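Numbering (UniProt numbering), first residue to last: 1 to 219.
So this is what it looks like as C-alpha cells:
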C-alpha cells in the first residue's frame, strides 16, 4: 500500500509538469525535502560540467543529477519494504543500513515514473553512492559530482584530494574518495560490497593507466 501510494503520488506530479527540474523541485517541496532538491540541483550542474569536460552527454548528466536522490523522500524505515515491493535485490549490508539502498530505489523511480530509458543514466543513478565494478565514465561523473556537492554543512574533508585527482581523470577522482573511506572503514556503518569491488577495480585501472603512461614516456 505504501509503495502504491508513493508511485501514484509521484505520477500525479509528473503528469502536472513536463519540466523535469520543476517537477523534482515540486516533489521535494511536497515532502519537505527542499534540502535534497538543493543538493540534487547542485550535483546536476556539476555533473553537466564534468560531462562536458569528458565529452559525454551533458543533458543526460543533468538528468541523472536531478534524479539521483529522488528516493530521498522515502523515510529510512520504509526503504527496505518499498525496495521489496519493487523487486529490488537487497544485500545484507543494505538491510543493516537502509540509507544505502536509496540509489537502487532512485533508479527504479527514474525509470518507472520519469520514463528515463537511457541506460547510462539509470546505471549512474543506481550506483551513485557506492559505485560498482566496471563502472563507466558516466557512472564516475555522477559519483564524483555527488561527493563534491555533498549534502552536509561545510566542505567535505576529502574535497581537496578529489579536486586534485580529477585533473588527472574522473576515475582518479572516484578512487580518491573511496581510498579516503577505506582509510577509515572501521568508522563506517557498513562496507558495501559494491564499494569494495569498485575500489579494487579502480586500483587496477589507475595502476594500469599509470604504467602505460610511463611506458609511453620512455618510448
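Note that beta-carbon positions come from the ideal geometry of N, C-alpha and C, so glycine has one too. All of these numbers come straight from a predicted model, not from anything done at the bench.
Residue 24 is positioned such that its CB atom lies no closer than 7 Å to that of residue 14.
Exposure of residue 153 is indicated by the presence of fewer than 16 other C-beta atoms within 10 angstroms of its C-beta. Residue 3 carries a helical assignment under DSSP once its states are collapsed to helix, strand and coil.
For a cut-off of 8 Å, the C-beta gap from residue 36 to residue 72 is around 4 Å, short enough to register as a contact.
Collapsing the DSSP output to three states places residue 202 in a helix. Between the stretch 125-141 and the stretch 44-61, the count of Cβ pairs shorter than 8 Å is three or higher; the stretches touch. About 19 Å separates the beta carbon of residue 80 from that of residue 110, a gap too long to meet the 8 Å contact definition. Sorting 83, 39, 45 by C-alpha distance to the C-alpha of residue 6 places 83 at the top. If only complete runs of 4 or more residues are kept, the UniProt domain "HD/PDEase" (32-160) shows the alpha helix (DSSP H) at 34-53, 58-67, 76-85, 92-96, 102-112, 119-126, 137-148, in order along the chain. If you draw a 10 Å sphere on the C-beta of residue 204, you find fewer than 16 other C-beta atoms in it, and that means exposed.
A direct Cα-to-Cα measurement between residue 116 and residue 206 gives close to 31 Å. The criterion of a C-beta distance shorter than 7 Å is not satisfied by residue 50 and residue 198.
Distance from the CA atom of residue 93 to the CA atom of residue 19, rounded to whole angstroms, is 36 Å. Between residue 125 and residue 10, the C-beta gap is not smaller than 7 Å, which leaves the two residues out of contact.
The alpha-carbon of residue 75 is positioned some 22 Å away from that of residue 21.
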